[in-house]
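S.K.:
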Amino acid sequence: MNDQMVAWNVGYVVAIAIGVGLFAYVFASTRKGPAEEKLDVGAWKKRENAWLYVVIAGLIVMAFLTLVEQQIPWTASAKDGRAVANVSAQQFGFVFETPPAFKAGQQIEFRVRSTDVSHGFAVYGPDDVFITQAQSLPDHTTSLYMTPTKPGKYTIRCFEYCGVGHHVMVASFEVSA
Ligand code: CUA
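FYI, in the working numbering the residues of the sequence shown are 1009 to 1185.
See the structure below:
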């Protein structure tokens, strides 16, 4: 695992611990106190409504950060001067039509297809962090746009179970500086 993966995993574990703690707190709070205690339903209803606005505001912020700020790969469109690479996926490997020549900062358009069954086409950076992916389908060409920011060795992995050799369906390409 690299540093980024360790950080994310630690983050998940902490989030789970906080979630379990909150659950225990709420669970315990419902087990004690006099059962006949009079609840002020109106006040709780107000609190519930207030939380609803917090959730809605959070969703709007997240939608803005992803959709509007275009942090999602499928909003990427073709740029002039991009490198085009035709790739065939097949049981069990990836074949580039011509040896790829990619440069950092230059957009790549992968035109991905399959010669047999459905495969995945997932790209990992030189630090082995997942970047983007598309399906590679029989009789259909899928364009996947990606702009590598760092030079180095990038890895392609199949992301869809496609037979007994699925796990060995790995390829790589180099991005120069
Ligand atoms: Cu190809 Cu899994």
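Every residue, glycine too, gets a C-beta built ideally from N, C-alpha and C.
Note that the coordinates shown come from a computational prediction; the quantities given were computed from them, not determined experimentally.
(1) Taking 7 Å as the cut-off, does the CB of Phe1100 come closer than this to any heavy atom belonging to ligand 1?
(2) Note down, in chain order, each residue of its chain lying with its Cβ closer than 8 Å to the Cβ of Ala1086, except the 5 sequence neighbours on either side.
(3) Gly1160 bridges to which residues according to DSSP?
(4) Roughly how many angstroms separate the alpha carbons of Leu1060 and Leu1047, rounded to a whole number?
(5) Identify, in the order they occur along the chain, each residue of the same chain with its Cβ nearer than 8 Å to the Cβ of Thr1123, setting aside the five sequence neighbours on each side.
(6) Going by DSSP in three states, Ser1122 sits in which element: helix, strand or coil?
(7) Output yes or no for whether 8 Å exceeds the beta carbon distance between Lys1158 and Ser1180.
(8) Locate the beta strand (DSSP E) running through Leu1152, then write down its first and last residues.
(9) Say yes only if the C-beta of His1174 is nearer than 7 Å to one or more non-hydrogen atoms of ligand 3, and no if none qualify.
(10) How long is the line joining the alpha carbons of Arg1055 and Ala1032, rounded to whole angstroms?
(11) Under a CB-based cut-off of 8 Å, is Glu1117 close to chain D?
(12) By the DSSP assignment, the beta strand (DSSP E) with Asn1057 in it spans what residues?
M.R.: Once the coordinates are examined:
(1) yes
(2) Gln1115, Glu1117, Ser1151 and Tyr1153
(3) Val1183
(4) 21 Å
(5) Ser1096, Ala1097, Gln1098 and Pro1146
(6) strand
(7) no
(8) Thr1150 to Met1154
(9) This structure simply doesn't include ligand 3; it includes ligand 1 instead.
(10) 21 Å
(11) Reference to chain D is not applicable here, since this structure consists of a single protein chain.
(12) First-last for Asn1057: Val1049 to Ala1071, but that is the alpha helix (DSSP H), not the beta strand (DSSP E).
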